[in-house]
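Trainee: Numbering-wise (the working numbering), the sequence shown opens with residue 49 and increments by one.
Glycine included, C-beta positions come from ideal geometry on N, C-alpha and C.
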Amino acid sequence: MSPRLRSSLTLLCGLAAWGAAALLLARFLFGTALHPGEPLRGAWSPLGAVLCAGALALALFGRACLRRGDDGEPDGAPLALSRRAERRLTALALALHVLLAAAMSWDLPLFEGPDESTHFDYARYVAREGELPSLHVDGRLLERDVAIDQKIQPPLYYLLLAPALRAIGATHWSTFYRLSPPRDATDWPARWDAAKYLHGPDELAPYANDVRALHLLRLTGIAFTLLGLLGLRRALRALRVPRATTCLAIALLALLPQLLHLAGVISNDLPAIAASAWAAAIALRWLRRGELRAHDALSLGALLGLACLAKLSGFVLLAWMGCVGIAFLVRHARARALLKSSALVLAGFALSSGWYWAANTLRYGHPLQNWVYQTHYQATGDVGLDAWTHWGVLLPGTFGLSFFCDLGWMAAWPEPPALIALACILALPLVALCSRRGLDASFARAATPRLLVLALLVLAWIAQLRFYASVFQPQGRHHFPFLVAYALPLACALEALRFDLGRRAARAAYLALPLAALLFALHAWLGVQREQFAPLNRVETPWLAITDAHARGAAHAAIEVLEPSADERCAAAPTLRWRAEPGERYSIEIGLDGSFDGPSWSRSRRVVRTFEDLGLELEGDRFAIPPEAWTALFPEGRAVVWRVRRLDPVRHGTLVASEPRRLTRVP
Numbered sequence: 049m050s051p052r053l054r055s056s057l058t059l060l061c062g063l064a065a066w067g068a069a070a071l072l073l074a075r076f077l078f079g080t081a082l083h084p085g086e087p088l089r090g091a092w093s094p095l096g097a098v099l100c101a102g103a104l105a106l107a108l109f110g111r112a113c114l115r116r117g118d119d120g121e122p123d124g125a126p127l128a129l130s131r132r133a134e135r136r137l138t139a140l141a142l143a144l145h146v147l148l149a150a151a152m153s154w155d156l157p158l159f160e161g162p163d164e165s166t167h168f169d170y171a172r173y174v175a176r177e178g179e180l181p182s183l184h185v186d187g188r189l190l191e192r193d194v195a196i197d198q199k200i201q202p203p204l205y206y207l208l209l210a211p212a213l214r215a216i217g218a219t220h221w222s223t224f225y226r227l228s229p230p231r232d233a234t235d236w237p238a239r240w241d242a243a244k245y246l247h248g249p250d251e252l253a254p255y256a257n258d259v260r261a262l263h264l265l266r267l268t269g270i271a272f273t274l275l276g277l278l279g280l281r282r283a284l285r286a287l288r289v290p291r292a293t294t295c296l297a298i299a300l301l302a303l304l305p306q307l308l309h310l311a312g313v314i315s316n317d318l319p320a321i322a323a324s325a326w327a328a329a330i331a332l333r334w335l336r337r338g339e340l341r342a343h344d345a346l347s348l349g350a351l352l353g354l355a356c357l358a359k360l361s362g363f364v365l366l367a368w369m370g371c372v373g374i375a376f377l378v379r380h381a382r383a384r385a386l387l388k389s390s391a392l393v394l395a396g397f398a399l400s401s402g403w404y405w406a407a408n409t410l411r412y413g414h415p416l417q418n419w420v421y422q423t424h425y426q427a428t429g430d431v432g433l434d435a436w437t438h439w440g441v442l443l444p445g446t447f448g449l450s451f452f453c454d455l456g457w458m459a460a461w462p463e464p465p466a467l468i469a470l471a472c473i474l475a476l477p478l479v480a481l482c483s484r485r486g487l488d489a490s491f492a493r494a495a496t497p498r499l500l501v502l503a504l505l506v507l508a509w510i511a512q513l514r515f516y517a518s519v520f521q522p523q524g525r526h527h528f529p530f531l532v533a534y535a536l537p538l539a540c541a542l543e544a545l546r547f548d549l550g551r552r553a554a555r556a557a558y559l560a561l562p563l564a565a566l567l568f569a570l571h572a573w574l575g576v577q578r579e580q581f582a583p584l585n586r587v588e589t590p591w592l593a594i595t596d597a598h599a600r601g602a603a604h605a606a607i608e609v610l611e612p613s614a615d616e617r618c619a620a621a622p623t624l625r626w627r628a629e630p631g632e633r634y635s636i637e638i639g640l641d642g643s644f645d646g647p648s649w650s651r652s653r654r655v656v657r658t659f660e661d662l663g664l665e666l667e668g669d670r671f672a673i674p675p676e677a678w679t680a681l682f683p684e685g686r687a688v689v690w691r692v693r694r695l696d697p698v699r700h701g702t703l704v705a706s707e708p709r710r711l712t713r714v715p
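1. Starting from Glu177, trace the alpha helix (DSSP H) in both directions and tell me its first and last residue.
2. Is the segment 162-175 touching the segment 327-335, taking contact as three or more C-beta pairs under 8 Å?
3. Could you give the DSSP three-state label for Arg341: helix, strand or coil?
4. Measuring only the C-alpha atoms, how far is Ile200 from Leu183?
5. Could you name the residues of the same chain whose beta carbon sits closer than 7 Å to that of Tyr206, not counting the 5 residues immediately before and after it, in chain order?
6. Is the segment 354-363 touching the segment 407-414, taking contact as three or more C-beta pairs under 8 Å?
7. Got a sec? Which residues, its chain only, sit under 6 Å from Ile216 by beta carbon, not counting five neighbours each side?
8. Please classify Ile374: is it buried, with 16 or more other beta-carbons within 10 angstroms of its beta-carbon, or exposed?
9. Any chance the segment 162-169 sits against the segment 311-328, with 3 or more Cβ pairs inside 8 Å?
10. Might you give, ordered along the chain, the residues of its own chain that have their beta carbon closer than 6 Å to the beta carbon of Leu531, omitting 5 neighbours on each side?
11. Considering only C-alpha positions, which residue in the set Leu147, Arg285, Ala535, Ala342 is nearest to Ala395?
12. Check Phe528 in the structure and name its three-state DSSP category.
13. For Ile321 and Ala149, which I take to be in contact (beta-carbon distance under 8 Å), what is that distance rounded to the nearest angstrom?
14. Given that a residue counts as buried once 16 or more other Cβ atoms are within 10 Å of its Cβ, and exposed if not, what is Leu377?
15. Can you tell me which of the three DSSP states Ile200 falls into?
16. Determine the direct distance from the alpha carbon of Val372 to that of Cys295, and round the result to whole angstroms.
17. What do you reckon, are the CB atoms on Gly353 and Ser390 nearer than 8 Å?
18. Please report how far the alpha carbon of Val146 lies from the alpha carbon of Arg135, in whole angstroms.
19. Can you check which of these residues, Leu204, Pro181, Asp197, is closest to Pro319 by C-alpha distance?
20. Going by CA-CA distance only, name the one from Leu156, Phe397, Phe168 that's closest to Leu308.
21. When the distance is taken between beta carbons, is Ile298 closer than 8 Å to Ala133?
22. Quick one: Cα of Arg333 to Cα of Leu346, how far?
23. Assuming Ala539 contacts Thr293 (C-beta within less than 8 Å), just tell me the rounded distance between them.
24. Helix, strand or coil: which one does DSSP assign to Val289?
25. For Ala385, report the span of its alpha helix (DSSP H) as first-last.
26. What separation, rounded to the nearest whole angstrom, lies between the Cα atoms of Phe491 and Arg285?
27. Is the closest heavy atom of the ligand MN to the C-beta of Leu387 under 7 Å?
28. Quick check on DSSP: helix, strand or coil for Glu160?
29. Just how far apart, CA to CA, sit Asp615 and Phe168?
30. My assumption, with CB atoms under 8 Å, is that Leu365 sits in contact with Ala355. Please give the rounded CB distance.
31. Anyone know if the C-beta pair for Leu267 and Ala212 falls short of 8 Å?
32. First and last residue of the alpha helix (DSSP H) that includes Leu718?
33. Considering only residues of the same chain and omitting the five flanking positions on each side of Val289, which have a CB-CB separation below 8 Å?
34. Write down the C-beta distance between His263 and Trp154 rounded to the nearest angstrom, noting that I regard them as a contact closer than 8 Å.
35. Under the rule that 16 or more other beta-carbon atoms within 10 Å means buried, what is Glu251, buried or exposed?
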């Protein structure tokens, strides 16, 4: 038996053993809760399929890494891949990405993705009304009977999703979001149930009808992440990163659990990922070659426009393109060619997204009214040092230098070390190409020590297995449109490893890397799954369902809420009153400090209580909050938000009426 075959078989057996052990461990730890509503189904479960495919793919990868390539790889490379092997292994990594993302999406209950319910509301509004929602700086929602929290976002993703919602007949869905009552929660941060919403029996697998249609609609997002990873491959090749390093860096990113989680949900981050990756690839190829053909320049401008039309953070790419132009002058010293290409890029940008910014200007007097609306609460709600921090991030963004912010959201999620690291990493491809040799061994060795420190800050932040408790989402998703910045630290480290280690050591390292990657992906995926589905927050009551397939177009009945008196407003335990109908079922939601509205999510104290959760019975048309519960849940001097919902017990818990948001002050 040849040494290569022996090494491959050894690796395959080792991975199979690790996979079997992990599957047994998962069965022991998770029991029947790995897939909602069904027991663990052995090798046919999503975990089993991923383990089998991952073991085979990574075994083939380890075997291919032992080959020598002779077509374009740098001289002296201890390990290299042929072009054919690199394409096959990249295809396997992308297939693993699709399989993992689809499995996680199918297991994830509806609307549990990052802001998924509000993204769905926006798309459904566009599909139903045939128009975009209005923007108002004062935050008032004027859209009939639906609150479009994501109307601050540009409309590209929702315009793409609206025809699909019409096709599956979802324009008249009455979605019912019932927040899951917290257990042992008195303040934020606190222990929260894993799921944000309660989920009824209509969401138990195997799914059917509307629930299945919406799950299938979610899976279309995987196409965007695939396009993003392919664009990332082009960008790394433009940097002259060797094929083996490119393949492994893409494989590690394709298995990143937060990216897998995001790929299978309804989110406007997805088209931004695809557009920005391909825009970066074209820009880096232009910088390397020194010329940009007319159709490439128009394509680059169109992609930049689509990235900005998908999400506000796409404007970071415009600032980055300014740095690309400076690097072009440093490398090629061709000012006339730069001006000509820039004009074509601007033309492509105007063709793809100029219509929207022009419409904003005509309608609101400001092309970036979305930005003004998004940052209004942060800008006016912060005080003291927080206000200076907010504007210290916003003002550089105003001048197009916001490499390290999501245009205002940093008032809510400050992570300065990770953001500054991301800013430095974004500039790396320009430095590498200005060196005229690309990302060769000497550049990788020089950059790796500093770059790894920055990369650890970023990756330690985005690869965390715990989601934020109050909003249940990985905040690193705001930077996923910049996949190139995530790949470069990995590529530099792997390239330096290939050249710094001896041939035998490098071979051993490459045999160990696939195993480490598999274990990382497996443990991260299990951690995310456990975080999401323990407990499941599923109830068997027939009136609770998240979609309404039988009562489309049901009439909405108004509930008149009686304002509390002055005495009640100042009482320690106020009584909530409304006009009740005999025999109707009601639900109360109570929250603190901007649970439903507010200047900053980071200071949001969300507490939700229902009749069942408090163990109380409804008495006529009023609900008295027990003093002990009020004292424990609501600190003195806080603002309290409450609303009343009337439920239809026949039509699967359809939300037929909702009281507008009211604000009551306690002393």
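Mentor: Based on what the coordinates show:
1. 164-177 is the extent of the alpha helix (DSSP H) around Glu177.
2. no
3. Residue state, collapsed to three classes: coil.
4. If I take the Cα positions, the gap works out to 7 Å.
5. Tyr170, Ala171, Val174
6. no
7. Ala261
8. exposed
9. yes
10. Gly276, Leu280, Ala325
11. Ala342
12. coil
13. With 8 Å as the limit, Ile321 and Ala149 do not qualify as a contact, their Cβ atoms being about 12 Å apart.
14. exposed
15. In the structure shown, Ile200 adopts helical secondary structure according to DSSP, grouped into three states.
16. 25 Å
17. Taking a C-beta distance under 8 Å as the contact criterion, Gly353 and Ser390 do not qualify as a contact pair.
18. Rounded to the nearest angstrom, the two C-alpha atoms are 16 Å apart.
19. Leu204
20. Leu156
21. Judged by beta-carbon spacing, Ile298 lies beyond the 8 Å limit of Ala133, meaning their Cβ atoms are not closer than that value.
22. 14 Å
23. 5 Å
24. coil
25. 383-412
26. 15 Å
27. Although the ligand MN was asked about, the structure shown includes no ligands whatsoever.
28. Coil at Glu160, not helix or strand.
29. In this prediction, Asp615 has a pLDDT of 47, which is less than 50 and means its spatial position is unreliable; what the coordinates show is noted afterwards. Asp615 and Phe168 have their C-alpha atoms roughly 41 Å apart.
30. About 6 Å separates the beta carbon of Leu365 from that of Ala355, a gap short enough to meet the 8 Å contact definition.
31. no
32. Only positions 49 to 715 of the chain appear in this structure, which leaves residue 718 out of reach.
33. Ala297, Gly486, Leu487, Ala539, Glu543
34. 6 Å
35. buried
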